[in-house]
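In terms of the numbering used here, the sequence shown is residues 12 to 674. What follows is a set of notes on a single structure, which appears directly below.
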Amino acid sequence: MADDLFENTPISSGDYDSSSIEVLEGLEPVRRRPGMYIGGTDDRALHHLAAEVLDNSMDEAVAGHASRIEVRLEEGNRLSISDNGRGIPVDEHPKYPGKSTLEVILSTLHSGGKFSGKAYATSGGLHGVGVSVVNALSSHTRVEVARDKQLYAQEFSKGQTLGPIEVVGAAPNRRGTQVTFTPDIEIFGERNFKPARLFKLARSKAYLFAGVEIRWKCADSLTSDDVPAEAVFRFPGGLADHLAEEIGVRECVTALPFTGRQDFPQDEAGVSQGRVEWAMAWPLYSDGSTSWYCNTVPTPDGGTHEQGVRKALTTALRAFGDLTGNKKAKDITADDVMTGCEVMLSVFIRDPQFQSQTKDRLTSPEAVRLVENAVRDHFDHFLTDDMERGKALLGEVMERMEERLKRKQEREIKRKTATNAKKLRLPGKLTDCSGEGDRETELFIVEGDSAGGSAKQARDRKTQAILPIRGKILNVASATADKIRANSEIADLGLALGCGTRKDCDAENLRYDRIIIMTDADVDGAHIATLLMTFFFQEMPDVVRKGHLFLAKPPLYRLTAGKESRYANDDAHRAELEATVFKGKKVEVGRFKGLGEMNPAQLRETTMNPDTRSLIRITLPQEFQERAGVKELVDQLMGRNPEHRFNFIQNRAGEMDRDMIDA
């Protein structure tokens, strides 16, 4: 039969030969796959270009070589960022004869002065791709450098050099670098920089380093009530000034906020490991907010520096409770402390590691220990220097803890009641958690018995439940109500969650704090995850609206060199690790085809352990918050009428074309 198969299958080697293999040179990979470098081609990615250039100027300031930065937005979507630092070197690069160092930096990936640590002790740019990526994705870039009382300039277009570096003339009163660029409409379409967003970015950077002055200038035609034509930002108090502005006149649990800064201890070689600065307050009747930074780069998803401060605050408050005779304080969790807190944390560390090139999450393991040790001592003093202040904060946190435990007890009663009453309808499906301990409970919806077996061994039995599903579940958007009710997989899912469906859905009755969809990182896995999200959008919208639904992020690769191993979430993360952590090393790369291929220890470490995993919270766009809007969106994308999907795609054809570049 195998021979017949080969005989009847036409094979044409002409479709795949050496001419099929492309070698992308220079900055061409960036233009072909911008998503690998800036996360996409949307508004967020566009403004990431501005952040990359501004980060370079901030690195000069933090290193002590610049005191002033100017951000100027001009008509025609043209942005200019300049500093009075040392200026990019302009002499011939020893490795590239005939090319200036400036040209090498602007036109070559992984080139820069931040690899060895000689030019910068700490920096936001790490991999030598920032300004070269900006250059690659801009229709026109002009760089001016003032060094040694001379002004030099060089121009580029779409990553290509337009001419050699020029000596413009004498510049006796000027020094530093100015980068002026216009994002390419071939990449970003008609998207333009948002003045308010850039204004906020410039202002926030000034808070992060007290020694810098940032000047803002904006074309008159782009100004508004929120965006002036000119402004100067300088905040000697750093994050404390920022917090005071955010709090305003709101009453807080403690009259004084918890603010401070601390240098990290030197390493064995006597070299500074960096420093940390923080500002925190607990306003009354507030949901709070968090702002995390590393080397002046925002890390909105937090990371290891966040873990450090959470540990410091929790440990200190428990100890203060013990000091004051409050035995229940031992049950305080980090979420109890952080809920309602306005917290700003900024760390400066050498050679930080981020989850991706867009630096949304810090992953440097040493940051946990450094931040925890630095903040813990100061928070101990904050609590004990004024006992009444410490007791007031402890009392507020204890109230949140008691509310959490009460809600947890109510859910536990509902979970046990439902399990006892209906357990015969869940034979071998739901592996429930015991509900013991302080941490919140989670339900992992996994794909197939193989992944379910690994997940059961990898889980925390007290807090994590596992529900395997078989294959692709029913598409509820194109099914009748009778068919939905008759589907056993959906019935099991509804019973496990216990919160009802459609108009009867009430997230308060949900038996778990988090529902985590955990499928393979392939096309089939993405399809199953999409069908599950469709189920929640249509059948349990309140669960999504209240923030209970998440996607797990299992890694695609395991990279190993010697005794060191790291996990990569995608191709871009793999390339980043190979260019940094494993640079110059022989790397063994293993690819996970599915969750079932991971052993339980790997699955726990990468995907299920709350301390080391990454989750994506599933939310609804603002315009679809109401139930009618949700139904309209689900019908458009997943319903029975293909014409609706066709119209949806046609109306966004421009966006789809650009996104295909990233695929």
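Where a beta carbon is used, it is the ideal one built from N, C-alpha and C, also for glycine. Computed from a predicted structure; not experimentally measured.
Which residue marks the beginning of the alpha helix (DSSP H) containing residue i, and which one marks its end?
i: LYS339; result: Segment: none, LYS339 is in no alpha helix (DSSP H) and carries neither H nor E.
i: THR541; result: 534-550
i: GLU256; result: 250-258
i: THR315; result: 315-334
i: ASP346; result: 345-349
i: LEU588; result: 582-590
Under the three-state reduction of DSSP, which class applies to residue i: helix, strand or coil?
i: ASP503; result: helix
i: GLU575; result: strand
i: HIS559; result: coil
i: LEU570; result: strand
i: MET47; result: helix
i: GLY401; result: helix
i: GLN420; result: helix
i: VAL695; result: No answer is possible for residue 695: the residues shown for the chain start at 12 and end at 674.
i: ASP676; result: This structure cannot settle anything about residue 676, because the visible part of the chain is limited to 12 through 674.
i: ALA221; result: coil
i: LEU508; result: helix
i: GLN364; result: coil
i: HIS392; result: helix
i: THR617; result: helix
i: PRO682; result: Nothing about residue 682 can be reported from this structure: the residues present for the chain run from 12 to 674 only.
i: ILE495; result: helix
i: GLU81; result: strand
i: GLU11; result: An answer regarding residue 11 cannot be provided, because it is not within the stretch 12 to 674 covered by the chain.
i: MET609; result: coil
i: ILE629; result: coil
i: HIS76; result: coil
i: SER283; result: strand
i: VAL145; result: helix
i: LEU521; result: coil
i: ALA86; result: Looking at the sequence shown, residue 86 is not Ala but Glu. In the structure shown, GLU86 sits in coil (DSSP, three-state: anything other than H, G, I, E or B).
i: PRO40; result: helix
i: VAL101; result: coil
i: GLU451; result: coil
i: LEU373; result: strand
Following the continuous beta strand (DSSP E) through residue i, name the residue where it begins and the one where it ends.
i: SER300; result: 300-305
i: LYS228; result: 224-229
i: MET69; result: Looking at the DSSP string, MET69 is not in any beta strand (DSSP E); the run it does join, the alpha helix (DSSP H), is 54-73.
i: THR270; result: 269-274
i: MET355; result: 353-360
i: PHE244; result: 241-244
i: PRO108; result: 107-111
i: ALA157; result: 149-158
i: ARG261; result: Per DSSP, ARG261 belongs to no beta strand (DSSP E) and is neither H nor E.
i: ARG10; result: Since the first residue of the chain shown is 12 and the last is 674, residue 10 is not available in this structure.
With a threshold of 16 other CB atoms inside 10 Å of the CB of residue i, please say whether the residue is buried or exposed.
i: PRO363; result: buried
i: LYS106; result: exposed
i: ILE627; result: exposed
i: PRO552; result: buried
i: GLN475; result: buried
i: LEU65; result: buried
i: PRO479; result: buried
i: VAL260; result: exposed
i: LEU173; result: exposed
i: ALA492; result: exposed
i: GLN468; result: exposed
i: PHE275; result: buried
i: VAL5; result: Only positions 12 to 674 of the chain appear in this structure, which leaves residue 5 out of reach.
i: LYS322; result: buried
i: PRO268; result: buried
Within 8 Å (strictly less), CB to CB, does residue i reach chain D?
i: SER93; result: The structure shown has no chain D; it contains just one protein chain.
Decide yes or no for the touch test of the region 331-350 against the region 397-410: beta carbon pairs closer than 8 Å, at least 3 of them.
They touch, by the three-pair rule.
Would you be able to state if there are at least three C-beta pairs under 8 Å between the region 293-306 and the region 263-277?
They touch, by the three-pair rule.
Contact between the region 601-617 and the region 456-476: three or more CB pairs below 8 Å?
Segments in contact, yes.
At a cut of 8 Å, does the region 594-608 reach the region 544-558 through at least three beta carbon pairs?
Cβ pair count under 8 Å is below three, so no.
Which residue spans inside the region 169-219 form an unbroken alpha helix (DSSP H) run of at least 4?
Correct list: 196-199 and 206-219.
Counting only runs of 4+ residues fully inside the region 463-489, write out the alpha helix (DSSP H) ranges in chain order.
Complete alpha helix (DSSP H) runs here, min 4: none at all.
Do the region 328-341 and the region 277-290 make contact, defined as three or more Cβ pairs closer than 8 Å?
Result no; under three Cβ-Cβ pairs closer than 8 Å.
Segment contact, 8 Å Cβ cut-off, at least three pairs: the region 239-250 with the region 88-97
No contact exists between the region 239-250 and the region 88-97.
Just checking, does the region 574-591 make contact with the region 44-62 on the three C-beta pairs under 8 Å criterion?
Verdict: yes, contact present.
Hey, is the region 586-594 in contact with the region 519-537, meaning 3+ C-beta pairs nearer than 8 Å?
No: the two stretches stay apart, fewer than three of their Cβ pairs being nearer than 8 Å.
Are the region 213-221 and the region 191-203 in contact at 8 Å, needing three or more beta carbon pairs?
Verdict: no, contact absent.
Does the region 150-167 come close enough to the region 95-103 to have 3 or more Cβ pairs within less than 8 Å?
The region 150-167 is in contact with the region 95-103.
When the Cβ atoms of the region 298-309 are set against those of the region 414-423, are three or more pairs found closer than 8 Å?
Contact between the region 298-309 and the region 414-423 is absent: fewer than three C-beta pairs spanning the two stretches fall below 8 Å.
Is the region 557-564 in contact with the region 613-626, if contact means three or more CB pairs nearer than 8 Å?
Touching, per the Cβ criterion.
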